[in-house]
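These protein sequence lines map, in sequence, to chains A and B. Numbering follows numbering that gives the first Met the number 0, with no gaps: position 152 of the first sequence is 151. Numbering follows numbering that gives the first Met the number 0, with no gaps: position 228 of the second sequence is 227.
2 protein chains.
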Amino acid sequence: MKKMGVAEERKAEVLRKLKELGESIYYALQNRKFPEIYLPSRSVKNIMYDQELRQYVLGPAKVRRSSHNIKQIRTFTQLIWLAFFVKRLIKERKTSTLRDIFYSAQAFNIDFKDQDESDKIITDLESALMKAREDFNVFPEERSAIFGELIIEYTVPGYEGKRLDLTSHPDGVMIGPALTTAEFIDTSAEMVIAIEKGGLFTRFIEEKVHKRFKAILVNTAGQPPRSTRYLLRRLNQELGLPVYIFTDADPWGMHIAMVIISGSANAAHLRDLTTPDAKWAGVWASDINKYRLPHDKLTDIDIKRLHELKMDPRYNSKLWRDEIEIFLRHKKKAEQEAFARYGLTYIVDKYLPEKLEIVKSL
Amino acid sequence: MKKMGVAEERKAEVLRKLKELGESIYYALQNRKFPEIYLPSRSVKNIMYDQELRQYVLGPAKVRRSSHNIKQIRTFTQLIWLAFFVKRLIKERKTSTLRDIFYSAQAFNIDFKDQDESDKIITDLESALMKAREDFNVFPEERSAIFGELIIEYTVPGYEGKRLDLTSHPDGVMIGPALTTAEFIDTSAEMVIAIEKGGLFTRFIEEKVHKRFKAILVNTAGQPPRSTRYLLRRLNQELGLPVYIFTDADPWGMHIAMVIISGSANAAHLRDLTTPDAKWAGVWASDINKYRLPHDKLTDIDIKRLHELKMDPRYNSKLWRDEIEIFLRHKKKAEQEAFARYGLTYIVDKYLPEKLEIVKSL
Chain A
0 MKKMGVAEER KAEVLRKLKE LGESIYYALQ NRKFPEIYLP SRSVKNIMYD QELRQYVLGP
60 AKVRRSSHNI KQIRTFTQLI WLAFFVKRLI KERKTSTLRD IFYSAQAFNI DFKDQDESDK
120 IITDLESALM KAREDFNVFP EERSAIFGEL IIEYTVPGYE GKRLDLTSHP DGVMIGPALT
180 TAEFIDTSAE MVIAIEKGGL FTRFIEEKVH KRFKAILVNT AGQPPRSTRY LLRRLNQELG
240 LPVYIFTDAD PWGMHIAMVI ISGSANAAHL RDLTTPDAKW AGVWASDINK YRLPHDKLTD
300 IDIKRLHELK MDPRYNSKLW RDEIEIFLRH KKKAEQEAFA RYGLTYIVDK YLPEKLEIVK
360 SL
Chain B
0 MKKMGVAEER KAEVLRKLKE LGESIYYALQ NRKFPEIYLP SRSVKNIMYD QELRQYVLGP
60 AKVRRSSHNI KQIRTFTQLI WLAFFVKRLI KERKTSTLRD IFYSAQAFNI DFKDQDESDK
120 IITDLESALM KAREDFNVFP EERSAIFGEL IIEYTVPGYE GKRLDLTSHP DGVMIGPALT
180 TAEFIDTSAE MVIAIEKGGL FTRFIEEKVH KRFKAILVNT AGQPPRSTRY LLRRLNQELG
240 LPVYIFTDAD PWGMHIAMVI ISGSANAAHL RDLTTPDAKW AGVWASDINK YRLPHDKLTD
300 IDIKRLHELK MDPRYNSKLW RDEIEIFLRH KKKAEQEAFA RYGLTYIVDK YLPEKLEIVK
360 SL
């Protein structure tokens with residue numbers, strides 16, 4: 000028998016958890032009890048930072064959803080319907096979006112007054128199963144991209160066993176449901192470089208960063224969708240590749256890197272989306288002066304955001320604290336593209352090797 | 000000698016036009032005259048709708064940029080620098096973004112006070128050459144995607160002569176500089192279906208619309224970037240394939256279809272971005288009642304927009320006028336995903352074949 004791949008194993012685990020959930024409902028009914036479900040509480044009081052996991056996690060507080068409680072029967076029913084619906088999605092190997100779920104409910108006379116309500120129930124099911132919605136085939140619309148010497152093998156219907164070399168399309172290979180669930184077969188890469196901006200991702204491909212630095216390139220397209228964060232983690236953990244993150248030099252770019260490394264409070268009920276060993280490789284606040292980069296003044300909103308980050312336990316280490324201080328002292332920000340001031344290839348020829356040297360020694 | 004492909008021919012033409020521009024400057028200098036350039040005026044008075052081309056075009060009015068005029072010497076210099084810079088981009092076969100151009104200027108001590116100013120000069124050069132910035136290797140960051148039975152051959156450095164089958168990645172193949180400049184080699188497709196939303200694009204791939212309807216699928220990702228509009232035109236004109244556009248049933252979805260068909264006033268100085276024979280295949284206002292779709296009320300902004308569209312010469316034909324009237328009468332809008340109310344595959348199994356039948360006969 001063929002060994003089960005990572006993607007298949009995850010699906011099997013979700014199905015197992017869904018089955019347990021269903022069985023608990025049947026068991027209650029058989030024993031003439033009102034079925035109920037316990038979910039981890041997602042209230043602010045129950046969200047805490049775990050130093051060991053280096054991410055936010057939920058504490059021990061639980062909330063009960065009971066079919067006995069007239070106020071809860073609506074959300075209880077919605078949750079059970081959703082569990083039924085995503086089980087069918089997985090079995091039929093179809094994918095879906097948050098928006099689709101909202102409309103699909105109407106076919107079953109399940110009432111959601113708007114998408115906010117259905118999105119909330121999807122998060123409830125995530126908490127109940129401790130699995131991300133991507134694991135039950137609910138994907139976002141946004142797509143980021145990947146490029147580099149990595150061969151993958153698909154597991155989606157119609158493509159099982161087919162392979163793709165991720166250098167086969169020089170605009171980058173889209174990260175959608177098929178790529179997210181593919182198995183990694185072979186790579187000659189020695190690192191992963193995640194890049195915030197599409198323009199720079201294209202530049203890196205043109206300048207052959209994948210060959211010169213033996214790197215797999217990932218375009219996060221701003222704050223990466225969770226499927227991209229999950230993919231970065233897999234590249235790090237399954238292939239043992241270090242991950243370096245390049246963003247703009249501003250609080251928002253910094254935070255893109257931090258969410259890849261340590262996750263978000265919103266996803267405290269989930270595991271496997273963070274890459275704790277990934278490194279923020281710039282553009283740092285200190286690079287703006289060091290490289291005399293064209294820059295803009297920080298806005299009031301930027302400064303307010305930096306003060307928030309200062310209070311955030313994820314930012315409680317030397318590099319991050321120092322860079323926040325430099326931002327606040329100089330009140331400057333700069334974009335990745337600012338290096339074009341020294342010619343389009345400077346960032347690859349000069350900045351990238353210098354910075355990788357520094358970051359590796361951190 | 001190998002026959003020149005469409006993409007290569009376009010590059011050669013841009014280089015020829017850049018050379019003419021340069022020669023006119025040298026000629027003036029040699030004759031001890033102040034160099035000057037004439038550009039078509041892009042003022043509202045000079046933008047008119049051309050019934051034959053079925054797009055907005057610029058009228059005969061010209062504006063002069065002269066190095067003799069102290070007020071114009073700044074923009075004149077910026078324009079000449081840009082022409083020099085993009086010639087180098089093309090020769091070195093590098094691509095760039097609007098943002099890159101802004102920063103690159105600083106390496107040459109060319110001053111742009113912000114990106115708005117550099118963007119304006121890029122549009123000036125487009126008008127001077129009557130070519131889109133993509134033709135001189137300045138690409139946007141946004142990426143849409145394509146999927147279907149079409150084999151392309153790359154022309155970008157390092158990939159010359161390599162081919163890709165556009166069914167090779169089931170998440171869709173990204174439309175970036177490499178795809179935009181590729182040659183079409185072979186297809187078994189009989190139509191092109193452009194889709195506004197990423198989620199539905201993935202659904203269409205999963206439901207094998209490319210096989211069942213022999214269709215090439217294009218995800219426009221909202222209002223498509225110009226390189227995607229140009230690609231749709233090429234699929235229509237080079238391969239002779241009809242193009243059908245599926246959008247949300249609201250004024251914004253309608254206008255996505257219209258811009259693919261007839262272009263925008265902003266691009267009145269350009270050709271080759273429109274597909275006049277493409278058809279808007281829904282979701283129509285009339286479909287909301289016909290299919291009893293879940294819907295929302297039109298907002299005041301939606302209604303204001305519909306009144307604007309009514310006055311727009313591009314909307315001056317029966318289908319469009321009727322649908323605008325129905326929107327205004329029923330005051331309802333609906334999304335493509337609303338069909339999920341009848342199950343996730345209803346849109347492909349029922350709506351799509353019915354609608355294609357109707358649209359083909361229009």
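In this text, a Cβ means the ideal position worked out from N, Cα and C, and glycines have one as well.
At least one CB of chain B closer than 8 Å to the CB of residue i: is that the case?
i                : result
Glu22 (chain A)  : no
Thr364 (chain A) : Since the first residue of chain A shown is 0 and the last is 361, residue 364 (chain A) is not available in this structure.
Lys93 (chain A)  : yes
Met0 (chain A)   : With a pLDDT of 42 at Met0 (chain A), under the threshold of 50, the modelled position of that residue is not reliable, and the figure given next carries that caveat. Cβ-Cβ to chain B under 8 Å: no for Met0 (chain A).
Thr227 (chain A) : no
Tyr37 (chain A)  : no
Pro352 (chain A) : no
Ala214 (chain A) : no
His168 (chain A) : yes
Glu159 (chain A) : no
Glu148 (chain A) : no
Ala267 (chain A) : no
Ala144 (chain A) : yes
Thr96 (chain A)  : yes
Pro250 (chain A) : no
Pro34 (chain A)  : no
Pro293 (chain A) : yes
Suppose contacts are defined by Cβ-Cβ distances below 8 Å. Is residue i in contact with residue j by that definition?
i                : j                : result
Tyr55 (chain B)  : Ala106 (chain A) : no
Thr180 (chain A) : Thr154 (chain A) : yes
Leu163 (chain A) : Ile121 (chain A) : no
Ile215 (chain B) : Ile260 (chain B) : no
Ser95 (chain B)  : Val137 (chain B) : yes
Leu272 (chain A) : Ala266 (chain A) : yes
Arg98 (chain B)  : Gly197 (chain A) : no
Arg232 (chain A) : Met129 (chain A) : no
Val208 (chain A) : Val347 (chain A) : yes
Asp301 (chain B) : Pro250 (chain B) : yes
Lys161 (chain A) : Glu205 (chain B) : no
Glu140 (chain A) : Ile184 (chain A) : no
Leu308 (chain A) : Leu361 (chain A) : no
Within 8 Å (strictly less), CB to CB, does residue i reach chain A?
i                : result
Tyr153 (chain B) : yes
Met173 (chain B) : yes
Ile180 (chain B) : Per the sequence shown, the amino acid found at residue 180 (chain B) is Thr instead of Ile. Judged by the 8 Å Cβ criterion, Thr180 (chain B) is not in contact with chain A.
Pro224 (chain B) : no
Glu140 (chain B) : yes
Leu163 (chain B) : yes
Ala362 (chain B) : Outside the displayed span of chain B (0 to 361) sits residue 362 (chain B), for which this structure offers no information.
Glu7 (chain B)   : no
Pro312 (chain B) : no
For the putative contact between residue i and residue j, defined by C-beta atoms under 8 Å, what is the C-beta separation to the nearest angstrom?
i                : j                : result
Asp113 (chain A) : Leu78 (chain A)  : Between Leu78 (chain A) and Asp113 (chain A) the Cβ distance is about 17 Å, and since that is not below 8 Å, they are no contact.
Val217 (chain A) : Ile194 (chain A) : 7 Å
Ile325 (chain B) : Ser285 (chain B) : 5 Å
Glu148 (chain B) : Ala188 (chain B) : 5 Å
Ile46 (chain B)  : Leu57 (chain B)  : 6 Å
Val358 (chain A) : Ala280 (chain A) : 5 Å
Lys331 (chain B) : His294 (chain B) : 4 Å
Gly4 (chain A)   : Glu182 (chain A) : 4 Å
Ser117 (chain B) : Ile100 (chain B) : 5 Å
Asn235 (chain A) : Asp299 (chain A) : Not really, about 36 Å apart at Cβ, beyond 8 Å.
Leu305 (chain B) : Leu327 (chain B) : 6 Å
Could you confirm whether any beta carbon from chain D is found closer than 8 Å to the beta carbon of residue i?
i                : result
Asp321 (chain A) : Among the protein chains in the structure shown, which are A and B, there is no chain D.
Would you check whether the ligand HEM has a heavy atom nearer than 7 Å to the C-beta of residue i?
i               : result
Ile79 (chain A) : In the structure on display, the ligand HEM does not appear, and there are no ligands present to speak of.
I want to know whether the stretch 221 to 231 of chain A touches the stretch 116 to 133 of chain A - three or more CB-CB distances under 8 Å. yes
Below 8 Å, how does it come out for the stretch 333 to 352 of chain A and the stretch 271 to 291 of chain A: are there three or more Cβ pairs, yes or no? yes
Cβ-based contacts, 7 Å cut-off: residues of the stretch 99 to 131 of chain B near chain A: Asp99, Tyr102, Ser103, Gln105, Ala106
Using a Cβ-Cβ cut-off of less than 7 Å, give me the residues of the stretch 185 to 206 of chain A that come near chain B, in sequence order. Under the 7 Å Cβ criterion, the stretch 185 to 206 of chain A contributes Lys196, Gly197, Gly198, Thr201, Glu205.
Could you say if the stretch 242 to 253 of chain A and the stretch 10 to 18 of chain A meet the contact criterion of at least three C-beta pairs nearer than 8 Å? Note that the stretch 242 to 253 of chain A does not touch the stretch 10 to 18 of chain A; fewer than 3 beta-carbon pairs, one per stretch, sit closer than 8 Å.
Positions along the stretch 65 to 92 of chain B whose CB lies within less than 7 Å of some CB in chain A: none
Output, in sequence order along the chain, the residues in the stretch 337 to 351 of chain A whose CB is closer than 7 Å to any CB in chain B. Ala337, Ala339, Arg340, Tyr341, Gly342, Leu343
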